[in-house]
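When you line the sequence shown up against this note's numbering, it's residues 1 to 83, in that order.
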Amino acid sequence: MAIERKTGQRLLKGRALSVGEVQALFHVCAQDKSVKGSRDAALITVLYGAGLRRSEVVTINLSDWNIVDDCLTVRSLFERYRD
């Protein structure tokens, strides 16, 4: 007796944010007048502007920014580096 094989559609683990959603995030950051609001806006800028993964953004440290060269080093999956 053979069992019929069924295939389903694989769902994506994440999705891209719409422009409106990104603008809403920046609006919330602007409402927070503390250093955390500025920090969060900077992280969102890097995340969205460079197309980084969430896992890459959470590993960013201040020491990863080279102020002289104005370059940010990002550690990606499997410790690959991106400049």
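Ideal placement from N, C-alpha and C gives every residue a C-beta, glycine not left out.
Item                                                                                                 : Value
Cutoff 6 angstroms; reference Lys36; Cβ partners in own chain excluding five residues on either side : none
Own chain residues within Cβ distance below 6 angstroms of Thr59, not counting five before or after  : Arg75
When Arg53, Lys33, Ser34, Asp32 are compared against Leu17, the one with the closest alpha-carbon    : Arg53
Cα-Cα separation, Lys13 to Gly51                                                                     : 16 angstroms
Cβ distance (whole Å) where Ala41 is taken to contact Phe26 below 8 angstroms                        : 6 angstroms
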